[in-house]
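Student:
Residue numbers (my numbering): 7 to 143.
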């Protein structure tokens, strides 16, 4: 689809995103393409970071971009504190994360999926879901 500009407006980014629908699939593809274009500096992105306040996130599993629509963490354990950066904000900030999470989401075919994630991928998903909730680190 298209590579979009990254939003840095903290007021905009602090707004909660709304549920995504079939009409937002182009946003999901734009988000994936924007993530690929920013590979050297971003582990993940949320749709509000490209100006679209929808509950869509994209991140890497290995070298492949992965998109979740309407992700929700349903289980978490292994609480820890870490330092994170953000493409929309300068510097590093402290964040509380969980080592293991279970997420329900829709894939690009709008099929419901429940999947477990751990370590850095889990941390990235939590960071991007925070963006969907209007939470900035």
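Beta carbons are placed, not taken as given, at the ideal position from N, Cα and C, and that holds for glycine.
1) Is DSSP giving residue 101 helix, strand or coil here?
2) Counting along the chain, where does the alpha helix (DSSP H) carrying residue 132 start and finish?
3) Do residue 75 and residue 26 have their beta-carbon atoms positioned less than 8 angstroms apart in this structure?
4) Counting beta carbon pairs with one atom in the stretch 61-69 and one in the stretch 124-142, are three or more of them shorter than 8 angstroms?
5) Beta-carbon separation of residue 123 and residue 135 under 8 angstroms?
6) Take the Cβ of residue 96 as the centre, count every other Cβ of all protein chains shown within 10 Å, and call the residue buried at 16 or more, exposed below.
7) Starting from residue 43 and walking both ways along the alpha helix (DSSP H), at which residues does that stretch end?
8) By DSSP, does residue 53 sit in helix, in strand, or in coil?
Tutor: On the basis of the data shown:
1) Within the chain shown, residue 101 is the residue found at index 95, counting from 1. Strand.
2) Taking the chain shown and counting its residues from 1, one reaches residue 132 at position 126. 125-138 is the span of the alpha helix (DSSP H), which, as asked, contains residue 132.
3) Numbered from 1 along the chain shown, position 20 holds the residue referred to as residue 26. Numbered from 1 along the chain shown, position 69 holds the residue referred to as residue 75. In contact: residue 26 and residue 75 (Cβ atoms closer than 8 angstroms).
4) yes
5) Here the question's residue 123 lines up with position 117 in the chain shown. Here the question's residue 135 lines up with position 129 in the chain shown. Residue 135 sits away from residue 123, with the two beta carbons spaced by 8 angstroms or more.
6) Residue 96 sits at position 90 when you count from the first residue of the chain shown. The residue in question, residue 96, is exposed, as its Cβ has fewer than 16 Cβ neighbours within 10 Å.
7) As a first step, residue 43 must be located in the chain shown, where it is residue number 37. Run containing residue 43: 31-43, per the alpha helix (DSSP H) assignment.
8) Translated into the one-based positions of the chain shown, residue 53 becomes position 47. In this structure, residue 53 counts as helix in the three-state DSSP scheme.
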